[in-house]
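**Q** When you line the sequence shown up against mature numbering (1 follows the signal peptide of the UniProt record, and there is no 0), it's residues -21 to -1, 1 to 102, in that order. Got a structure for you, written out below as structure tokens; questions coming shortly.
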Amino acid sequence: MLHHPVPGRIAALLMAMSALAAPAAAAEARPGAGASVRACPALGAGFYALPGSDTCVKIGGRARYESGYASSAPRGAASTGSRATGMAFVDSRTQTEAGPLRAYVRVGVSRGLGATPPGLTSR
């Protein structure tokens, strides 16, 4: 059996992002709790102010795992394959004297194993 660390790394990244976002979501759900965390509704859903600053941040991402099997190959030569992809982003915005300042970082990873059966397109 082949072992590949990419799906595990994607899951760890998403869990870390969830851990960072959980305090902000919990503070929003409980009025009066976490007074240092506040939403930034002018920027849209998911933006929260960093404590002690005017900077608003949104953290997000996604993970996807696909696998496929094709028996159309010659006898005994079935084709199997899988692919794991992940993406994470941080969107930070601050209002300055010169106007809005935005920093956006997006990181993605994709890894395929085995052959690419019909229905799983290579990207």
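Ideal Cβ placement from N, Cα and C applies to all residues, glycine included.
Assuming I38 and V69 are in contact, meaning their beta carbons sit under 8 angstroms apart, how far apart are those beta carbons, in whole angstroms?
**A** The Cβ separation is near 5 angstroms, so the contact holds.
**Q** In the DSSP assignment, find the beta strand (DSSP E) that holds R85 and state where it starts and stops.
**A** Its beta strand (DSSP E) spans residues 78 to 93.
**Q** Identify which residue in C19, G91, M66, A24 has its Cα closest to the Cα of R85.
**A** Closest by alpha carbon: M66.
**Q** So L92 and S61 are supposed to be a Cβ contact under 8 angstroms. How far apart are they, rounded?
**A** Between S61 and L92 the Cβ distance is about 5 angstroms, and since that is below 8 angstroms, they are a contact.
**Q** Among the residues of its own chain, which have a CB less than 8 angstroms from the CB of Y83, if the five just before and after it don't count?
**A** Same-chain partners within the cutoff: F68, V69, D70, S71.
**Q** Return the residue from the list D33, S46, R43, E45 that minimises the CA-CA distance to P76.
**A** Sequence inspection shows Glu at residue 76; the Pro mentioned does not correspond to that position. For the residues D33, S46, R43, E45, the minimum Cα distance to E76 belongs to D33.
**Q** Leaving aside the five residues before and after P79 along the sequence, list all residues of the same chain whose C-beta is less than 8 angstroms from its C-beta, in chain order.
**A** If we look at P79 and ignore the five residues flanking it on each side, its Cβ neighbours are R72, T73.
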